[in-house]
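Peer 1:
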Amino acid sequence: MQNLDWGHLGFAVRETHGVLVSRFKDGKWTEPARENGPVELSPYSLVLNYSTCCFEGLKAFRGADGVVRIFRPDENARRLRRSAEFLDMPAPSEEMFISMCEEYVRWNIDFLPPYGYNASMYLRPVLIGTDKQLNLKSPVEATFILMGIPAGSYSGAKTLSPVTAVISRDFDRAAPNGTGSYKLGANYAPSFHAYNTAHAMGFTELLFLDPATKTKIDEFGSSNFFGIKDGTFVTPLSDSVLPSITNKSLQQVALDLGYKVEKRVIPFEELETFEEVNACGTAVVITPIGTITDKPHLKGEEVTRVYHFGKDGECGPVSRKLYETLRGIQDGVVPDTHGWCYIVKL
Ligand SMILES: Cc1ncc(COP(=O)(O)O)c(C=O)c1O
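In terms of this note's numbering, the sequence shown opens at residue 114 and continues consecutively.
1) Pick out whichever of Glu389, Arg219 and Thr310 has its Cα sitting closest to the Cα of Glu414.
2) Just verifying my parser: in three-state terms, what is the DSSP assignment at Arg440?
3) Given that a residue counts as buried once 16 or more other Cβ atoms are within 10 Å of its Cβ, and exposed if not, what is Thr328?
4) Under the three-state reduction of DSSP, which class applies to Leu273: helix, strand or coil?
5) What is the C-beta distance between Lys296 and Arg192, in whole angstroms, given that I count them as a contact (C-beta under 8 Å)?
6) Where does Gly344 sit, in a helix, a strand or coil, going by DSSP?
7) Could you check if Phe333 belongs to the surroundings of ligand 1, using beta carbon to heavy atom distance under 8 Å?
8) In chain order, what residues of the same chain have a beta carbon less than 7 Å from the beta carbon of Ile379, not counting five sequence neighbours either side?
9) Which residues does DSSP list as the beta-bridge partners of Ile258?
10) How far does the beta strand (DSSP E) with Asp331 in it reach, from first residue to last?
11) Give the straight-line distance between the Cα atoms of Gly441 and Gly426, rounded to the nearest whole angstrom.
12) Using a Cβ-Cβ cutoff of less than 7 Å, which residues in the same chain neighbour Asp352 once the five nearest sequence positions on both sides are dropped?
13) For ligand 1, is there a heavy atom less than 8 Å away from the beta-carbon of Ser460?
14) Give a yes or no on contact between the segment 312-323 and the segment 398-414, applying the rule of three or more CB pairs nearer than 8 Å.
15) Taking the Cβ atom as the reference point for each residue, do Gly261 and Ala325 lie within a distance shorter than 9 Å?
16) For ligand 1, is there a heavy atom less than 8 Å away from the beta-carbon of Thr438?
17) Along the beta strand (DSSP E) that carries Tyr228, what are the first and last residues, could you check?
18) With DSSP as the reference, label Asn391 as helix, strand or coil.
19) Which one of Cys454, Phe339 and Glu254 has the shortest CA to CA distance from Phe137?
20) Leu297 bridges to which residues according to DSSP?
21) Beta-carbon within less than 7 Å of Ser196's beta-carbon, same chain only, minus the 5 sequence neighbours each way: which residues are those?
22) When you measure from the CB of Asn360 to every non-hydrogen atom of ligand 1, does any distance come out below 8 Å?
23) With 16 other CB atoms within 10 Å as the buried threshold, where does Asp285 fall?
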């Protein structure tokens, strides 16, 4: 076991023993190789010129029972294939994806945080198009890299402490009929400026509306939206949000706990009716949102309205229950009745 400060890992890159790399050439993938150091890439490669890149994020946990679990890797494998299909590029099979995740965790097992620190190993599979090609063409050659870091909470913030959000009216993360529902590298760089602006104004999260009409809630920059009201879990139905695996899992947990679930269009004015609002994603499962500020311009001082959620600066009770159940399943302390966890053979 590595000697790390497991309680304060944050989300910084802390290099493990290396990365697993497989290359697609002449119609087949090479046997995954263990590499340590820079991965070779031609300056003419498609990814450096035209951003032919998609990726995933998932986690492995060391359970209270000592069992090592990867949470829903089959879902991530399918989502990566869907992104690659959109880019018209080769992708690893579901089986190859899962077996590389498993091998990576086994190889780097001494970097997997012990149980009890609310920490895990964050796995980052990345698929890039690597043809030497300046023509605008889809890749026929690709490199699939599996990397990972031991990770605590994404921001280093206390678990379930509510944060502030602002509606993004000046910037969109997705275009109508665009790439919002795919996990492409190219979706993220264009939102950095908006995020930096929001942070400079004192907000933690940025809430995007539907890009066509700016009247409906879409999602946060790197997490889905859900609200709770009258015992119902409500989350947006939209073509431009990423289908979050955490959100999908929380919806099932909500049903299992006896709540209703609605996936539907949410006009932003409906914000005033929610008792609890959260961002959700692999990184921290749930980030409670304390306030959402609506202002015409991100950089301006004018504020149209501030919506408040939860009481006394605490995460709402329903959201907390959903969080604890899902984290319990990942840690092996709540029964995994849906067979979500993939057990790593050590
Ligand atoms: C834009 C966006 N939405 C939502 C999510 C949450 O998805 P998941 O729960 O699969 O991590 C992410 C993170 O992957 C994201 O980048």
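Don't be surprised by glycine CBs; every beta carbon is placed ideally from N, CA and C.
Peer 2: Taking the structure as given:
1) Thr310
2) helix
3) Exposed: under 16 other Cβ atoms inside 10 Å.
4) Judged by DSSP in its simplified three-state form, Leu273 adopts coil rather than helix or strand.
5) 6 Å
6) Of the three classes helix, strand and coil, the one that applies to Gly344 here is coil, per DSSP.
7) yes
8) Result list for Ile379: Lys329, Ile330, Val347 and Pro349, in chain order.
9) According to DSSP, Ile258 bridges with Val134 and Val239.
10) Ile330 to Phe333
11) 24 Å
12) Ser294
13) Residue coverage of the chain in this structure runs from 114 to 459, which leaves residue 460 outside it and unanswerable.
14) yes
15) The Cβ atoms of Gly261 and Ala325 lie no closer than 9 Å to each other.
16) no
17) Run containing Tyr228: none; DSSP gives neither H nor E here.
18) Reduced to three states, the DSSP call for Asn391 is strand.
19) Glu254
20) Checking the DSSP bridge columns, you'll see Leu297 partnered with Cys167.
21) Cys167, Tyr295, Lys296 and Leu297
22) yes
23) Buried, since its Cβ has 16 or more Cβ neighbours within 10 Å.
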